[in-house]
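Right, one structure below, let's go through it.
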Amino acid sequence: MAPNCGGGCCSRLAEIVVVVVVVIGLVVVVVVVVVVVVVVVVVVVVVEVVVEEVVVAVALVVFVDVVAIEALIVVVTV
Numbered sequence: 001m002a003p004n005c006g007g008g009c010c011s012r013l014a015e016i017v018v019v020v021v022v023v024i025g026l027v028v029v030v031v032v033v034v035v036v037v038v039v040v041v042v043v044v045v046v047v048e049v050v051v052e053e054v055v056v057a058v059a060l061v062v063f064v065d066v067v068a069i070e071a072l073i074v075v076v077t078v
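Per this note's numbering, the very first residue in the sequence shown carries number 1; after that it's consecutive.
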């Protein structure tokens with residue numbers, strides 16, 4: 001037991017240290033979970049936007065091809 005420590009103040013100090021360590025640990029866990037959730041949401045949004053752009057680009061190419069084929073058919077039949 002440390003000097004000037006009477007009446008169980010050392011055990012009280014140990015309890016306070018344990019509580020502080022547990023609270024800091026919980027805060028770290030919450031921060032990590034929040035960061036992971038934010039990263040997952042950002043990745044999902046970015047992937048969704050990229051997929052949407054790719055779908056629009058493919059649809060545009062298909063539309064242009066169809067229009068070109070129709071124009072070619074019109075030219076050939078005339």
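Yeah, the Cβ is synthetic: ideal placement off N, Cα and C, and Gly gets one too.
CA-to-CA distance, residue j to residue i, given in whole angstroms
i: VAL45; j: VAL51; result: 10 Å
i: VAL17; j: VAL43; result: 39 Å
i: GLU53; j: VAL64; result: 16 Å
i: VAL55; j: VAL47; result: 12 Å
i: ALA57; j: VAL66; result: 14 Å
i: ILE69; j: THR77; result: 12 Å
i: VAL34; j: VAL21; result: 20 Å
i: VAL30; j: VAL62; result: 48 Å
i: LEU26; j: VAL41; result: 22 Å
i: VAL36; j: ILE24; result: 18 Å
Neighbourhood of residue i by C-beta, 6 Å cutoff - its chain only, sequence neighbours within 5 removed
i: GLY60; result: What sits at residue 60 in the sequence shown is Leu, not Gly. None.
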